Amino acid sequence: MTPANLSESIARVLRELMDGSLAPFELGEIVVERPKSREHGDWATNVAMQYAGKAGLKPREFAEILAPALQSVEGIAKVDIAGPGFINVTLEAGAAGAIAKDIVTAGDAFGKGNALTGLKMNLEFVSANPTGPIHIGGTRWAAVGDSLARILQAQGADVTREYYFNDHGAQIDRFARSLLAAARKQPAPEDGYAGAYIDQIAAQVLAGAAEDLLSLPEAEAQEAFRAAGVELMFEEIRISLHDFGVDFDVFFHENSLYESGAVNRAIARLRELGHIFEEDGATWLRSTTFGDDRDRVIIKSDGEAAYIAGDLAYYLDKRSRGFDRCIYMLGADHHGYVQRMMAMCAAFGDEPGVNLEIMIGQLVNLVRDGEPVRMSKRAGTVVTMEDLVEIVGVDAARYALVRSSINSMLDIDLALLEKKTNDNPVFYVQYAHARTKQVAANASSLGVDTSEFQPELLNHASEEELLAKLIEFPRVTAMAAEFKEPHRVARYLEEVAGSYHRWYDNCRVTPLSGGEVETIHRTRLWLNEAAGVVLRNGLGLLGVSAPERM
RNA sequence: GCCCCUAUAGCUCAGGGGAUAGAGCGUCGCUCUCCGGAGGCGAAAGCGCAGGUUCGAAUCCUGCUAGGGGCGCCA
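The working numbering numbers the first residue of the first sequence as 16 and each following residue consecutively.
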């Protein structure tokens, strides 16, 4: 019996009771959870506390009516009332153990759901400017965004991973001038970019050009460096992401919005809707109509488009491509942008928070031995995605970045990670998975197979704990999708790994040397594999490998 | 001044209004005669402060304090 089954049973029993013993009331969600202490039984529910008031009873009275009725439900061995009105349920032997086989049978499908089936979602993340390598902040988004995409897909969503490529605007001009200066062995412009990567790209542009770029007129030279430099930077970024295990479905070029006239069309649309006005020689969006704290300039008085102009067109483009949900993942330094984006969404007649959702992630703080490490592109001491991967590897880097809530600032100590010790919990989880494989291999060589399965034999405390933990997986993945919080999966896997290790220390799958292979060994092999399935599926949702040996 | 995020163990972080607040790392002790000890067991150690809502608050609300970030016709 799973928690979901139990919830249904409780709901059914309550409805039956409402025909007589209980005053009818509206029944909402039935929460069934694992009691923190094993002495309290297999599962606990707080329905008595939740609904006693509605039924005109005290929690204990409510529980005393419900508990005896639950007693007769098939699969339930014992029902107790505890504390202020908790109802603790103990299942019949084997009812929990049977789950092991169910999990193995489900395999890759275990942990998947269909809560988001039919929903077309656009997940935009990273979207770092093509003026330098991806730094640590973008790396956090790469890890979280890709993992979230996997989690949403596992709930049936049709997810498109998208990268908005800002190849339009002043920062690109600065980038081009910086390359040109580097090629001429001149110092970087005051407002430009510097660092080893600028020199490298400048050299690559020079080497790849058919003509002598440095002898061209200034404007032409700059344009040549812009075009080739952006292309090279873009390619470098794409490869870094790929090596990080993140492949985008769409790289959307901001510049294309201007070239196609999409920006002008978006503004025209807003004008038709009456949300545009002219003032001080500029064109404005009256975003205050929709809760923004001030109106926003869309076309500057010099005729150039403001940054938001591209976003208007871009959002409209996403909607026209059929995305029901457009999710933007931005750094905390862009939080001030949220209100105007939501206003824009509303101005188009869409529903903010539904059609457009903006996730704000706090910044990652890099430290070395407690001292902050600056991560400015301009300083040239960039800690990039590649740097991090080089130091700790893809798995550890992704895991470290995805195991915390995006609402939390994250301190990552490079000195700590450089030690390559087990400071990163990813090893703990991966080791548990490797161990399931090792155990299975040993079992196989000793003739333990899966020809028998007697779930009631899985009755050791550590087995009950492990089973209960494994059953939670689908609920954890569903919740991770609902709240868009991949870190829940990581934290859960750490608990699974702990339960598995404890089980391993207590319950052998293979007999001691000279011992007979018995039913319990074969049955435990099922549980071993069930644990492997959950660890494997879970790590898969995080984009972290599940090695067979370490 | 206004807005967003945060404050939980020595450190980095979990904790969907519920029972004795957890994990990893670090510290101390125990555990190698058997599936890999990258493991297990035990110990010390914690909810920033003050109110409020609730049968019940780390969790929700208000105020305060502290830290991070943001408030352009920059992108």
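Heads up, the beta-carbon is just placed ideally off N, CA and C, and yes, glycines get one too.
No experiment lies behind these values; they were computed from the predicted model shown.
query = What separation, rounded to the nearest whole angstrom, lies between the Cα atoms of D227 and E274?
reply = Taking the first residue of the first sequence as 1, we reach residue 227 at position 212. Taking the first residue of the first sequence as 1, we reach residue 274 at position 259. Answer to the nearest angstrom: the Cα atoms are 29 Å apart.
query = Cα-Cα, which of G153, C522 and R176 is closest to A164?
reply = The residue given as residue 164 occupies position 149 in the first sequence. With distances taken between Cα atoms, A164 lies closest to R176.
ask   = Which parts of the stretch 209 to 295 are runs of the beta strand (DSSP E), unbroken and 3 residues or longer, counting only runs that do not cross its ends?
value = Whole beta strand (DSSP E) segments, 3+ residues: 265 to 268 and 291 to 294.
inquiry  = For E235, count the other beta carbons within 10 Å of its own beta carbon; 16 or more makes it buried, fewer makes it exposed. Which is it?
reply    = Here residue 235 refers to the residue found at position 220 of the first sequence. Counting Cβ neighbours within 10 Å, E235 comes out exposed, since fewer than 16 surround it.
ask   = So L327 packs on I282, CB below 8 Å; how close in whole Å?
value = Taking the first sequence and counting its residues from 1, the one referred to as residue 327 is at position 312. Taking the first sequence and counting its residues from 1, the one referred to as residue 282 is at position 267. So it is a contact: roughly 7 Å between Cβ atoms.
inquiry  = Whole angstroms are fine: how far does the CA of S302 sit from the CA of D308?
reply    = Residue 308 sits at position 293 when you count from the first residue of the first sequence. Residue 302 sits at position 287 when you count from the first residue of the first sequence. When rounded, the separation of the alpha-carbon atoms in D308 and S302 is 8 Å.
key: Closest Cα partner of I102 within the set S22, A110 and E246   = Along the first sequence, one-based indexing puts residue 102 at 87. Comparing Cα positions, the closest option is S22.
request  = Leaving out five residues on either side along the sequence, give the residues of the same chain with a beta carbon under 6 Å from the beta carbon of I114.
outcome  = Along the first sequence, read from residue 1 onward, the residue named residue 114 stands at position 99. These residues qualify, in order along the chain: L482 and I486.
Endpoints, the alpha helix (DSSP H) within which F101 is located = By one-based count along the first sequence, residue 101 stands at place 86. Counting along the chain, F101 sits inside no alpha helix (DSSP H); it lies in the beta strand (DSSP E) bounded by residues F101 to L106.
inquiry  = Less than 6 Å between C-beta atoms, sequence neighbours within five positions excluded: which residues of the same chain meet that for M33?
reply    = The residue you call residue 33 lines up with position 18 of the first sequence. Result list for M33: P39, in chain order.
message = Helix, strand or coil, according to DSSP, for E372 in the structure here?
response = Taking the first residue of the first sequence as position 1, residue 372 is located at position 357. Strand at E372.
Alpha carbon of W156 to alpha carbon of L378, nearest angstrom = Taking the first sequence and counting its residues from 1, one reaches residue 156 at position 141. Taking the first sequence and counting its residues from 1, one reaches residue 378 at position 363. C-alpha separation (whole angstroms): 10 Å.
request  = Over the uninterrupted alpha helix (DSSP H) stretch that includes I406, give me the two end residues.
outcome  = Walking along the first sequence from the start, residue 406 turns up at place 391. Segment M400 to V407, the alpha helix (DSSP H) holding I406.
ask   = Since K135 sits in a beta bridge, which residues does DSSP pair it with?
value = Here residue 135 refers to the residue found at position 120 when the first sequence is read from its first residue. D173, per the DSSP bridge assignment.
task = Can you check the stretch 487 to 547 for any alpha helix (DSSP H) of at least 4 residues that lies completely inside it and give the ranges in chain order?
result = Runs of the alpha helix (DSSP H) inside the stretch 487 to 547: 488 to 498 and 502 to 521.
task = Go to L425, then tell me how far its beta strand (DSSP E) extends in each direction, as first and last residue.
result = Here residue 425 refers to the residue found at position 410 of the first sequence. Here the beta strand (DSSP E) through L425 covers L425 to D428.
query = First and last residue of the alpha helix (DSSP H) that includes K452?
reply = The sequence position of residue 452 within the first sequence is 437, counting from 1. Segment V441 to S460, the alpha helix (DSSP H) holding K452.
ask   = Based on the DSSP output, what are the partners of G553 in its beta bridges?
value = Position 538 of the first sequence holds residue 553. Answer is none; G553 lacks a bridge partner.
inquiry  = According to DSSP, simplified to helix, strand and coil, what is R49?
reply    = As a first step, residue 49 must be located in the first sequence, where it is residue number 34. Reduced to three states, the DSSP call for R49 is coil.
request  = Measure how close the beta-carbons of A63 and P74 come, nearest whole angstrom, since I'm counting them as under 8 Å.
outcome  = Within the first sequence, the letter at position 48 stands for residue 63. Within the first sequence, the letter at position 59 stands for residue 74. That belief holds up - the Cβ atoms of A63 and P74 are roughly 5 Å apart, short of 8 Å.
message = Going by the DSSP bridge assignment, what does C341 pair with across the sheet?
response = Start at 1 with the first residue of the first sequence, and residue 341 comes out as number 326. Paired residues: N137 and L371.
query = With C-beta atoms as the reference, is P505 less than 9 Å away from P562?
reply = Here the question's residue 505 lines up with position 490 in the first sequence. Here the question's residue 562 lines up with position 547 in the first sequence. Per the sequence shown, residue 505 should be read as Ala rather than Pro. In this structure, A505 sits away from P562, with a CB-CB distance that is not shorter than 9 Å.
query = Which class does I118 belong to by DSSP, given the choice of helix, strand or coil?
reply = As a working note, residue 118 is residue 103 in the first sequence. In the displayed model, I118 falls within a helix according to three-state DSSP.
inquiry  = For G513 and G276, what's the separation of their Cα atoms in angstroms?
reply    = Working through the first sequence from its first residue, we reach residue 513 at position 498. Working through the first sequence from its first residue, we reach residue 276 at position 261. So the two alpha carbons sit approximately 57 Å from each other.
query = Given A496, which residues of its chain have a CB within under 6 Å of its CB, disregarding the five upstream and five downstream residues?
reply = Stepping through the first sequence from its first residue, residue 496 is reached at position 481. Hits under 6 Å: I166, L167 and Q170.
message = Excluding the 5 residues flanking V141 on each side, which residues of the same chain have their C-beta closer than 6 Å to its C-beta?
response = Taking the first residue of the first sequence as 1, we reach residue 141 at position 126. Cβ-Cβ distances below 6 Å link V141 to G153, W156, A157 and Y178 in the same chain, with the five nearest sequence neighbours on each side left out; the list follows chain order.
task = Label N144 either buried or exposed according to how many other C-beta atoms from any shown protein chain fall within 10 Å of its C-beta, with 16 as the threshold for buried.
result = In the first sequence, counting from the first residue as 1, residue 144 sits at position 129. Under the 10 Å beta carbon count, N144 is surrounded by 16 or more other beta carbons and is classified as buried.
task = Compare the beta carbon distance of F249 and D182 with 9 Å and say whether it is the shorter of the two.
result = Here residue 249 refers to the residue found at position 234 of the first sequence. Here residue 182 refers to the residue found at position 167 of the first sequence. A contact, by the Cβ cut-off of 9 Å.
query = Less than 9 Å separating the beta-carbons of L542 and V444?
reply = Here residue 542 is taken as the residue at index 527 of the first sequence, counted from 1. Here residue 444 is taken as the residue at index 429 of the first sequence, counted from 1. At least 9 Å separates the beta-carbon of L542 from that of V444.
message = Let me make sure I understand the geometry here. Which of G100, L85 and P99 has the alpha-carbon closest to that of Q93?
response = Here residue 93 corresponds to residue number 78 of the first sequence, with the count starting at 1. The sequence given here places Lys at residue 93; Gln does not occur at that position. Relative to K93, the option among G100, L85 and P99 whose CA is nearest is L85.
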